[in-house]
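**Q** Following this message is one structure expressed as structure tokens.
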Amino acid sequence: MPTYKFEALDTAGSEVKDQIDALNEEEAQQKIRQMGYFVTKLTAAAQAKKGGKKGGPKGKKKKTRTISIGGVSSKQLCTFTRQFSTLQDAGLPVLRSLKILEHQMKPGILKNALIDVVEDVESGTALSDSLGKHPKCFDRLYVNMVRAGEAGGALEVILQRLADFKEKSQSLKRKIIGAMVYPVVVILVAVSILGFIMVVVIPKFKKIFEDFKLPLPVPTVILISTSMWFARYWWVLPLFPLGMILLNKLIRLSRAGAYALDKMKLWVPLTGKILEKSIVARTMRTLGTLVASGVPILESLAIVRETSDNLVFERMYQRVYESIREGETIAEPMRQSRLVDDMVVNMIEVGEETGDLDSMLYKISDFYDEEVDTAVKSLISTLEPLMIVILGLIIGGIVISLFLPLVSLIEGLSK
Numbered sequence: 002m003p004t005y006k007f008e009a010l011d012t013a014g015s016e017v018k019d020q021i022d023a024l025n026e027e028e029a030q031q032k033i034r035q036m037g038y039f040v041t042k043l044t045a046a047a048q049a050k051k052g053g054k055k056g057g058p059k060g061k062k063k064k065t066r067t068i069s070i071g072g073v074s075s076k077q078l079c080t081f082t083r084q085f086s087t088l089q090d091a092g093l094p095v096l097r098s099l100k101i102l103e104h105q106m107k108p109g110i111l112k113n114a115l116i117d118v119v120e121d122v123e124s125g126t127a128l129s130d131s132l133g134k135h136p137k138c139f140d141r142l143y144v145n146m147v148r149a150g151e152a153g154g155a156l157e158v159i160l161q162r163l164a165d166f167k168e169k170s171q172s173l174k175r176k177i178i179g180a181m182v183y184p185v186v187v188i189l190v191a192v193s194i195l196g197f198i199m200v201v202v203i204p205k206f207k208k209i210f211e212d213f214k215l216p217l218p219v220p221t222v223i224l225i226s227t228s229m230w231f232a233r234y235w236w237v238l239p240l241f242p243l244g245m246i247l248l249n250k251l252i253r254l255s256r257a258g259a260y261a262l263d264k265m266k267l268w269v270p271l272t273g274k275i276l277e278k279s280i281v282a283r284t285m286r287t288l289g290t291l292v293a294s295g296v297p298i299l300e301s302l303a304i305v306r307e308t309s310d311n312l313v314f315e316r317m318y319q320r321v322y323e324s325i326r327e328g329e330t331i332a333e334p335m336r337q338s339r340l341v342d343d344m345v346v347n348m349i350e351v352g353e354e355t356g357d358l359d360s361m362l363y364k365i366s367d368f369y370d371e372e373v374d375t376a377v378k379s380l381i382s383t384l385e386p387l388m389i390v391i392l393g394l395i396i397g398g399i400v401i402s403l404f405l406p407l408v409s410l411i412e413g414l415s416k
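For the sequence shown, position 156 matches number 157 in our numbering, and the numbering has no gaps at all.
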């Protein structure tokens, strides 16, 4: 029976090194878990001896990195942060926690980054500096909160706040996306049905009309012309959204154009208010998390400004940044911008006066999270009857246009 050497952690977080006999690696891991240990490394003893015969000192095996494209999903980063927070709260050293998480991570860009972070931390680099080398995985907010936790000696508390922040942000995003699935599916099905009617059904009616040499009313002529256009130039339809995306990118090449587009997004009926409230909720929660974590207020505002994802709000936070730098308040430039409600301004003023700004920011973000949830549900309840009415009008118009010539034919035959 093969022998396996293993390294593991016991319930107290202490390292255990031993060996065990098992038929295969899965059985070995199962036996070790039954002993109450958490496996961190498992190797076959025979392989270890074979490697030792090759001569020379046994060097450290370099971990392989997989080729990965893109970034890290919010869900994956959220899960990693929560697990890291749990391990730190259990009292494990930072390096050991990182090794455990890197070992169980699936191949990808986050695992590659953790391999580098483990090597950097082993060589004596600060955790925040190591994370900062991987901006695709760990943004500026993440790095600065970890840095504040290291400086204050409360990394486990900071990681808990960061995990809570990531989970609530992910929850809000998931609610919005989930609520929009139904109308998007209905619109796609409706467009598909209308496309089928235009390309397949109407040309058959056209042939009937031509065979009977019926005089066609204006609505029928317009409908048949539209159908013929769809049949010939259907390939133009997919180009329309692509053209809109390209136009949007071209306009955003200039800062003035990007600002105008972001301003227009906030003016769009129904969706504009939802976007505004979601930005307020996200930025207030971000600022509250940073302030509560001990990040300097100017650095916090700079991070919030960059993560607002809207140039209109970015300009407002720039004014707040300049106000704080000059020794003034946060609330006044927000009041002048008229982007946020008076309730937000008043609560921030109270927070500044009482020294409890982070709590007030959390309350504002919680309130606006509920507002966004309510607004999205209201939007869906408004869209459902609206889509039914529009679809009914379109289908009704098509039916009337097609049957007008048939009515004339029936009337002619009855005479």
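Just so it is clear, CB atoms sit at the ideal spot from N, CA and C, and this is done for glycine as well. Only a predicted model underlies this, so the values are computations on that prediction, with no experimental measurement involved.
Where L380 and L271 are concerned, what is the direct C-alpha to C-alpha distance, given to the nearest angstrom?
**A** In a straight line, the C-alpha of L380 is about 7 Å away from that of L271.
**Q** Please report the straight-line C-alpha distance between I110 and E329, rounded to a whole angstrom.
**A** Taking the straight line from one Cα to the other gives about 43 Å.
**Q** Give me the Cα-Cα distance between R83 and A164, rounded to the nearest whole angstrom.
**A** Looking at the two C-alpha atoms, the distance is approximately 5 Å.
**Q** Compute the beta-carbon to beta-carbon distance between S279 and V373, rounded to the nearest angstrom, for a pair I have assumed lies under 8 Å.
**A** Between V373 and S279 the Cβ distance is about 5 Å, and since that is below 8 Å, they are a contact.
**Q** Taking the CB atoms as reference points, tell me whether V118 and K134 lie closer together than 9 Å.
**A** It is a contact, given that the beta carbons lie within the stated cut-off.
**Q** Around the Cβ of L312, are there at least 16 other Cβ atoms within 10 angstroms (buried) or fewer (exposed)?
**A** Under this definition L312 is a buried residue.
**Q** Using the three-state DSSP reduction, which class does I21 fall into: helix, strand or coil?
**A** Residue state, collapsed to three classes: strand.
**Q** Would you kindly work out how many angstroms separate the C-alpha atoms of A259 and F166, rounded to a whole number?
**A** Using only the alpha carbons, I get a separation of about 28 Å.
**Q** Whose C-alpha, out of T375, I178, V346 and R326, is nearest the C-alpha of K364?
**A** Per the Cα distances, V346.
**Q** Please check the pair I177 and M388, which I expect to be a contact at CB under 8 Å, by giving their CB distance rounded to whole angstroms.
**A** Not a contact, Cβ separation roughly 18 Å.
**Q** Measure the C-alpha to C-alpha separation of P204 and R141 and round it to an integer number of angstroms.
**A** So the two alpha carbons sit approximately 58 Å from each other.
**Q** Work out the CA separation of V219 and V408 for me, nearest whole Å.
**A** Using only the alpha carbons, I get a separation of about 15 Å.
**Q** Can you check whether the CB of L173 is closer than 9 Å to the CB of D370?
**A** Closer than 9 Å, so yes.
**Q** Using the beta-carbon count (16 or more within 10 Å), is P406 buried or exposed?
**A** Looking at its Cβ environment, which holds 16 or more other Cβ atoms inside 10 Å, P406 is buried.
**Q** When burial is assigned at 16 or more other CB atoms within 10 Å of the CB, is D263 buried or exposed?
**A** Flag for D263 reads buried.
**Q** Quick check: what's the CA-CA separation for I225 versus V190?
**A** Roughly 22 Å separates the two Cα atoms.
**Q** Determine whether the beta carbon atoms of A127 and E157 lie at a separation below 9 Å.
**A** No, the Cβ-Cβ distance between A127 and E157 is not below 9 Å.
**Q** For F139, which three-state DSSP category applies?
**A** The answer is coil: DSSP assigns F139 none of H, G, I, E or B.
**Q** Report all residues from its chain with a CB closer than 8 Å to the CB of V200; omit the five preceding and five following residues, and keep chain order.
**A** Only S228, F231, A232 and W235 meet the Cβ criterion.
**Q** Buried or exposed, going by whether 16 or more other CB atoms sit within 10 Å of the CB of V400?
**A** So V400 counts as exposed.
**Q** For L195 and T221, I'd like the C-alpha separation in whole angstroms.
**A** When rounded, the distance between both Cα atoms is 16 Å.
**Q** What whole-angstrom Cβ distance do Y5 and E27 have, given they're in contact under 8 Å?
**A** About 11 Å separates the two Cβ atoms, so there is no contact after all.
**Q** So, do the segment 336 to 352 and the segment 315 to 327 have three or more beta carbon pairs nearer to each other than 8 Å?
**A** Yes, since at least three Cβ pairs between the segment 336 to 352 and the segment 315 to 327 fall closer than 8 Å, the two stretches touch.
**Q** Is the beta carbon of G289 less than 9 Å from the beta carbon of D359?
**A** It is a contact, given that the beta carbons lie within the stated cut-off.
**Q** With a 10 Å radius around its C-beta and 16 neighbouring C-beta atoms as the bar for buried, classify F404 as buried or exposed.
**A** With fewer than 16 other Cβ atoms within 10 Å, it is exposed.
**Q** Between which residues of its own chain and I298 is the CB-CB distance below 7 Å, once the five residues before and five after are set aside?
**A** The residues are V292 and I325.
**Q** Using a Cβ-Cβ cut-off of 6 Å (strictly less than) and excluding sequence neighbours within five positions of L362, which residues of its own chain qualify?
**A** Correct list, in chain order: M285, L288 and G289.
**Q** Out of F7, L410 and A9, which has the shortest C-alpha to C-alpha gap to E211?
**A** For E211, the nearest C-alpha among the options comes from L410.
**Q** Going by beta carbon distance, what residues of the same chain come within less than 8 Å of E277, once the five residues before and after it are set aside?
**A** Here the set comprises L267 and L340.
**Q** Is the separation between the beta-carbon of K137 and that of A114 shorter than 9 Å?
**A** Contact: yes.
**Q** By how many angstroms is the C-alpha of P239 removed from the C-alpha of I246?
**A** Cα to Cα, the separation comes out at about 12 Å.
**Q** Quick one: is L96 buried, meaning 16 or more other Cβ sit within 10 Å of its Cβ, or exposed?
**A** Per the 10 Å Cβ criterion, exposed.
**Q** State the start and end residues of the unbroken alpha helix (DSSP H) segment that holds Y5.
**A** Looking at the DSSP string, Y5 is not in any alpha helix (DSSP H); the run it does join, the beta strand (DSSP E), is T4 to L10.
**Q** For H104 and L384, what's the separation of their Cα atoms in angstroms?
**A** Roughly 47 Å between the two C-alpha positions.
**Q** At 3 residues or longer, what runs of the beta strand (DSSP E) sit wholly inside the segment 123 to 198?
**A** Qualifying beta strand (DSSP E) stretches: none in this window.
**Q** Taking only three categories from DSSP, how would you classify E27?
**A** Looking at E27 - three-state DSSP - the assignment turns out to be helix.
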